[in-house]
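Take the sequence shown: its letters are residues -20 to -1, 1 to 834, numbered as in mature numbering (1 follows the signal peptide of the UniProt record, and there is no 0).
Virtual Cβ for every residue (Gly too), placed ideally from N, Cα, C.
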Amino acid sequence: MDSKTYILLCFACFSVLLNALYVSGSDPKVLSLSCGSENGGTDSDGRNWEPDAKYVAGNHPQARARYQDPSILSAVPYMDARIFTAEATYKLPIEPKKRLLLRLSFYPADYLNLNISNSYFSVVTAGITLLNNFSASITAQALTQAYLVKEYSLAPLETQVLEVTFKPENKPDAFAFVNAIELIPIPDIFGTGTMVGFSDQTFDATNSNLQTMYRINVGGQYIPPNKDSGGLTRTWYNDMPYLYGAATGVDLRSENVTIQYGKLPDYTAPSDVYATARAMGPSKDLNLQFNMTWLFQVDANFTYFVRLHFCEFQMTKINQKVFNIYINNASAVADPTPADIIAWTGGIGVPTYKDFAVFVNDRPGDEDIRIELHPSTLAKPEYYDASVNGIEIFKMSDGKKNLAGPNPELSAMLAKVVAESSRKEFKSNNKIVIGGAAGGAAGICVVAAICVAVYQKKKRLPGPDSHTSSWLPIYGNSHTSTSKSTISGKSNSGHLSSLAQGLCRHFTLPEIRKATKNFDESHVIGIGGFGKVYRGVIDNTTKVAIKRSNPQSEQGVNEFQTEIEMLSKLRHKHLVSLIGFCEEDEEMCLVYDYMALGTMREHLYNSKKPKLSWKQRLEICIGAARGLHYLHTGAKYTIIHRDVKTTNILLDENWVAKVSDFGLSKTGPNMEKGHVSTVVKGSFGYLDPEYFRRQQLTEKSDVYSFGVVLFEALCARPALNPSLPKEQVSLADWALHCKRKGVLGDIVDPHIKGQIAPECLKKFADCAEKCLADAGYERPSMGDVLWNLEFALQVQDNPDGSKHSSIGGVSETADESLRNHSMASVRPGNDHEMNMTTDDSNDIFSQIVNPKGR
């Protein structure tokens, strides 16, 4: 053998040896597998994914999803899948005696000729059952998600290979599938903690197998995997969806404090988690009346590991802020030894955490984890407040090494929607077959076209009227846009009228990304039903607010279209102006004027923003009333807002109120019956009880909601507060009760009590009371409401009632002046700054009518 041949042979043997070592686990590394993919790729976070073929034996088909849901920001790794019609096992290299983070991702879409509703399967690894009889389709429908990510933390193993087995259930046409597998060696981040309810007992999770249920950045923003600490690529979500009750406290952020981990490893949680928190707020009296509460739904008959993260960046001394912690109504940390973060950490900016375990039984109504904070009164701290920075909840495997829970049940409302959708499609298919048989060759062509349309409809999950689960899983960014169809993605969508497209600007997606710095989380200024709202700058100078349909969306394409169709044709001083929209690459964005001072609610309570004076509140209510009155009377048909509340009243830099969020609005093309029959939508606490009972929407439904807004402005408390005694939970009910008892002054916001003229308070309260009449016909019109509020303002400015004003040289009393001013202010072309475009007689906005007087 010559030397050249010998060298080649050695090189070949070395390559074989390296490959064997790699597969056997001698080269442990982070594995990110895009299952069913030919070449892998890079996702939207910049992470690289490799193909899975060399890790799974056997001939298992790969498939490409036929449709990419808008909530899926990157085709990698979700659009490709590995399909298993028989049992199959992945063999993944690992380092022995290392804890592992295993993630499995599922996008339940149409693959090949398979019906995704037939997919039921189990997943087992290292003798642990991760999933059993699992249906990704049912789970995604129940949670209104497009895709699912299941994360598990596996106890250290002695072996060098982790086997992950997928097995279809023994059901007709059943199959298993997976879109992505991630395997990450991690430090053992679990230890011992306290059993809640048993202060003398501890538990040890060091060698436990767990499933991540929730990972929450309390009071902070979403943290993507590429911003996680320690390279663990975890995802952290905001806590707002899990807050229970209307008393949500205030968000805190450390501005000048550096997080000092000290002995705590930095991989415990990112510094952004410890630099933000949620506290109860500055009011001692208010804080002592409620618990700050989070509610997380979980599977019954499991023990859960609960980790609470803390870091103090406001207080500097022991006993400044001391509080009790309750989990499922049992004391976790409470008097006589309550929580004191500074006492735990020894200083400001130093993070720590506390671990607890709680068993959740299967009693009806108990299948959740409830975390509550309340100030300690026994310790008599300097400030009666409480705060937490992060929450993690993990399910622990039971005695049978099982982590699998049941498939979630569809809510009654969602089940009805799904059933109705199926019946409609069945009828549609029947019509297709009949038409095809009768029409011959030409009919077959029509049938084929309709089949394509029906197929396009079938690709989506239930529609916009579907129920959204009251809880969100750990991977909240997987929420689907809950609509049955999507806007085309072309610059001129056929879903929008040519008039609407002509009246507002169409932005390209690159323009939107540039304006928001690629949807940077630091630019988020709010979250609503449609999605996140970002501040941005267009054309280098113009400040805008950009509302983006995202995974938290409960609305979707119909509301997107409604908002554009409505606002593109409405121009009014007291309505938020729509500048334009973007629909490209399955993105849906709306661009509005930037409202610098935020929402009305932010200036009433639960915020550090400046509190409004009484006169400011009156003027804001008047502005909102003008906007609503215009909607009701300023176009050919009545426009009913349907979601009037203080978060939908925005304030510009001059404190001018503008009504926003028209995604749920309805027009009345035929009001001969006096109402529009429609599914009940809106916000609890503001909902018209008559509308709720009869499902008949009228403009008086907006009047009722506005009555709640008026009392909210007066009392500075939420419309609903479940933490209060039963009779006080509903602001509307409680305020009416107090008014009728003659003690309304007792619940007026202390900040403004001394500012209100007695006669003004009477006029204002009378107006609010009339708005809240049980029967719609007993409520005033928005024109009457507007007149009464302007009269209340005049009384406030002229409490003795003796001053006169002059209009056109004619002297009038305050009452007469107000009445005439109100009439003038609601005429088109005056205060309305109206700019309605007409195209034809069928346009609902084409005929502007002068509103009638009182």
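| Item | Value |
| --- | --- |
| As assigned by DSSP and simplified to three states, the class of residue 172 | strand |
| Nearest-angstrom Cα separation, counted from residue 725 out to residue 695 | 9 Å |
| Euclidean distance between Cα positions of residue 603 and residue 32 | 60 Å |
| Cβ-based neighbour list, residue 175, same chain, cut-off 7 Å, excluding 5 preceding and 5 following | 181, 182, 183 and 337 |
| Local Cβ density within 10 Å of residue 262, reported as buried at 16 or more and exposed below that | exposed |
| Neighbourhood of residue 429 by C-beta, 6 Å cutoff - its chain only, sequence neighbours within 5 removed | Any reading at residue 429 needs caution, since the residue's pLDDT is 38, under 50, leaving its predicted position unreliable; the model's value is listed next. Cβ neighbours of residue 429 beyond the five flanking positions: none. |
| Three CB pairs or more closer than 8 Å across the region 139 to 152 and the region 187 to 196 | no |
| Counterpart residues of residue 274 in DSSP-defined beta bridges | 223 and 351 |
| Residue burial classification, residue 99 (beta-carbon count within 10 angstroms, cutoff 16) | buried |
| Other residues of its chain near residue 753: CB distance less than 6 Å, five sequence neighbours each side excluded | 759 |
| Sheet register partners of residue 382 (DSSP bridge) | 109 |
| Status (buried if at least 16 other CB within 10 Å, exposed otherwise) for residue 343 | exposed |
| 7 Å Cβ shell around residue 21 - same chain, five flanking residues per side excluded | 14, 29 and 56 |
| Close Cβ partners of residue 625 (< 6 Å) along its chain, the five nearest in sequence each way excluded | 663 and 666 |
| N-terminal and C-terminal residue of the alpha helix (DSSP H) that residue 762 is part of | 762 to 777 |
| contact_flag[the region 117 to 131, the region 70 to 78] where n(CB pairs < 8 Å) is 3 or more | no |
| Chain-order list of residues whose beta-carbon lies under 8 Å from that of residue 716 (same chain, five-residue window excluded) | 749 and 752 |
| Beta carbon of residue 737 nearer than 9 Å to that of residue 597 | no |
| Unbroken stretches of the beta strand (DSSP E), 3 residues or longer, contained in the region 198 to 271 | 230 to 233 and 256 to 259 |
| Proximity below 9 Å, CB of residue 729 to CB of residue 631 | no |
| Inter-stretch contact (C-beta, 8 Å, three-pair minimum) for the region 199 to 210 and the region 676 to 693 | no |
| Nearest-angstrom Cα separation, counted from residue 171 out to residue 188 | 9 Å |
| Inter-residue spacing [alpha-carbon to alpha-carbon] between residue 333 and residue 292 | 12 Å |
| Residues bridged to residue 165 (per DSSP) | 80 |
| Cβ-based burial, residue 806 [other Cβ within 10 Å; buried from 16] | Since pLDDT at residue 806 reaches only 35, below the 50 mark, its modelled position is unreliable, and no value is offered. |
| At least three beta-carbon pairs within less than 8 Å, the region 702 to 718 to the region 561 to 574 | no |
| Per DSSP, cross-strand counterpart(s) of residue 289 | 333 and 370 |
| Range covered by the beta strand (DSSP E) that runs through residue 560 | 558 to 564 |
| Cβ pair count under 8 Å reaching 3, the region 346 to 361 against the region 380 to 391 | no |
| 7 Å Cβ shell around residue 838 - same chain, five flanking residues per side excluded | For the chain, the structure presents residues -20 to 834; residue 838 sits outside this window and is missing. |
| Nearest to residue 236 (by Cα), restricted to the options 227, 256 and 250 | 256 |
| Buried or exposed (CB count within 10 angstroms, at least 16 for buried), residue 593 | exposed |
| Minimum C-alpha distance to residue 352 - residue among 589, 238, 223 and 289 | 223 |
| Span of the beta strand (DSSP E), counted from its first residue to its last, around residue 527 | 522 to 529 |
| Supposed contact pair residue 268 and residue 132 - C-beta distance, whole angstroms, cut 8 Å | With 8 Å as the limit, residue 132 and residue 268 do not qualify as a contact, their Cβ atoms being about 41 Å apart. |
| Same chain only: Cβ atoms within 6 Å of residue 153, ignoring 5 sequence neighbours per side | 98 |
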